[in-house]
Every structure is written in C-alpha cells, then in structure tokens.
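**Student:**
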Ligand SMILES: [Zn+2]
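Numbering (my numbering), first residue to last: -2 to 287.
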C-alpha cells in the first residue's frame, strides 16, 4: 500500500554566499557574550518564553549541515559556504507578521514542552509553528522537484504489512519516522488504531487559509485520521464569526494519544496538539525543538 503521494509547485531559496564569517573558536561563547545570560524572550501575546542561545545551540546540533565553527550570533553559516541571517525580533512586530514571514529568531522563540502532561497552550503559544521558509528550503529542497528528489518510502507497520509513506531522507527525517513506526507497532492495538490511517505526508502546498508553505511541502510532516472525537483542527472549530476556538482539553486525559506523542517526541517530532492553534493529527520532524 502506498499512502500520501505528491502534488507539485515551485519556490525560491533565500540564501546568499557568505561575505564575512567571523571565525570564532566557539560559536556558543560568542552567543553567550552577545546576548549575556540566556534572555527570556516574551512573545507579543505574552504567552511564551525561551533562552535563545541554548536554542541556537540545539539548532546547530540538530542540523549537521550547519557549520558550527563559522556561525555567529547574527548569521547561520552552512558547510557549503552559504549563509542566512538570524534576524532578531523587531520591536512591535505582531504575531501574525512573525507567522507570515518568520526569521530564524522567530523559529526559535518558543520552547516546545516535551512530555506529558503539558499546560494548555496560552494565546498564540505555538512552539514550532513559526518556520523560517528559507531555512526549510535549504535543508529539504527549494522546489517541489528538489524535495521529491530526496523522498524515500518509509515502512509504516501500524497501517499493515508493507504499508509505506513518502518522507524526506534529508537530515535524518525518514530514518526518524521509520524508528517511530517500528516502536509504535509494538504498542497495544487500541493505541495503534490512532496511527493506522496516515492521511498525508509529502504534499507541496500552502497552509490552509494562508499563503506560506506547509511543512508537508518538505516531506517532514505526517497526519493521521484520528477517532472522530479527537480529529480536531483549530480552523475547523472556529465559530462562524471567526471566534477563537476553545482548546480541546479532554485530549490531556487520552492515554493512547499520550503514548503516541511520547514515541514521536523521543525521535525528534513535535505534535500540533501542543499549539494554541491546535492540529491534533499533525506530527512534524523538528529535532531542534526536542
Ligand atoms: Zn499536517
């Protein structure tokens, strides 16, 4: 069985050759000096905080194509010599503006709350939902064709013998998903029924209701058809007047979902159920956040 095959599109890469890379002995020492002690960064809605130097350190560790010895507090430098600005937050920028055009800084702003239980997310607290487009195009492919070139079939045992889904082989994503599937297949059948119907991995497309690329465009996200009462997405729950949806707090008591989320997180995936703008069926490979 083949699940979740592709759609098509194009895109552009916002990377530039490195003009200056301050060669420093230790990138992390520089960051510590530049920013002082890890500084709590509060999001515009007052909901999130994080220590950026530590998170930048995790980013460099999670993406081996980054050249740690040449990165600076202002610049990510890749081993191929290209670079991209980190672009610290500009005062007064709204959450919507960050979401529409996230910088590396924005991407690292929120700490993802690994584990269970977790606090119901505060307003606009969406750890992992701010994504710097240029960063993902650099790692996984700038165009549909580039991304598709790196897709591999990953066996997904919970969906049955021989079932597989396409996923990016870049940066260890496919390998991580394979490990998740193998581990989930050892769990009880009443848990596996949550993940035995994958309903989308790679799909070169924009996010519903927005014009920015979905993480599915890069082959690093997987969705499942969940039991009906928890198959929930914030946009579907929003009132006719555009009222903000109420977080489905009952999910916190769901032991099967807990078991599944813990396995995904162990292998570097975040879960959309920990976002204010919740997406309970969505898992995404984001090793820098875990
Ligand atoms: Zn998804």
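The C-beta atom is built at its ideal place from N, Cα and C for all residues, glycine as well. In this text the structure is predicted, and so the values were computed from the model without any measurement.
Expressed to the nearest angstrom, what Euclidean distance is found between the alpha-carbon atoms of residue 151 and residue 88?
**Tutor:** Cα-Cα distance, rounded: 43 Å.
**Student:** Helix, strand or coil for residue 267 per DSSP?
**Tutor:** Of the three classes helix, strand and coil, the one that applies to residue 267 here is strand, per DSSP.
**Student:** Could you check if residue 220 belongs to the surroundings of ligand 1, using beta carbon to heavy atom distance under 7 Å?
**Tutor:** It does: the Cβ of residue 220 is within 7 Å (strictly closer) of some heavy atom of ligand 1.
**Student:** Measuring only the C-alpha atoms, how far is residue 127 from residue 274?
**Tutor:** If I take the Cα positions, the gap works out to 12 Å.
**Student:** Which residue's Cα is closest to the Cα of residue 135: 177, 62 and 55?
**Tutor:** Residue 62 is the option with its Cα nearest to residue 135.
**Student:** Compute the Euclidean distance between the alpha carbons of residue 123 and residue 92, then round it to the nearest angstrom.
**Tutor:** C-alpha separation (whole angstroms): 10 Å.
**Student:** What are the boundary residues of the alpha helix (DSSP H) that includes residue 179?
**Tutor:** Per DSSP, residue 179 belongs to the alpha helix (DSSP H) from 170 to 181.
**Student:** Helix, strand or coil, according to DSSP, for residue 102 in the structure here?
**Tutor:** The answer is helix: DSSP assigns residue 102 an H, G or I state.
**Student:** The beta strand (DSSP E) that contains residue 219, what's its start and end?
**Tutor:** Counting along the chain, the beta strand (DSSP E) containing residue 219 begins and ends at 218 to 221.
**Student:** Please indicate yes or no: does the CB of residue 125 lie closer than 7 Å to some heavy atom of ligand 1?
**Tutor:** No; taking the cut-off as 7 Å, the Cβ of residue 125 has no heavy atom of ligand 1 nearer than that.
**Student:** Count the other CB atoms, across all protein chains shown, that sit within 10 Å of the CB of residue 177; report buried if there are 16 or more and exposed otherwise.
**Tutor:** So residue 177 counts as buried.
**Student:** Given this structure, state the Cα-to-Cα distance separating residue 32 from residue 50, to the nearest angstrom.
**Tutor:** Because the pLDDT of residue 32 is 40, which lies under 50, any placement of that residue in the model is unreliable, and the question is left without a value.
**Student:** When you compare only the Cα positions, how much space is there between residue 132 and residue 217?
**Tutor:** Near 13 Å, if we compare the C-alpha coordinates of residue 217 and residue 132.
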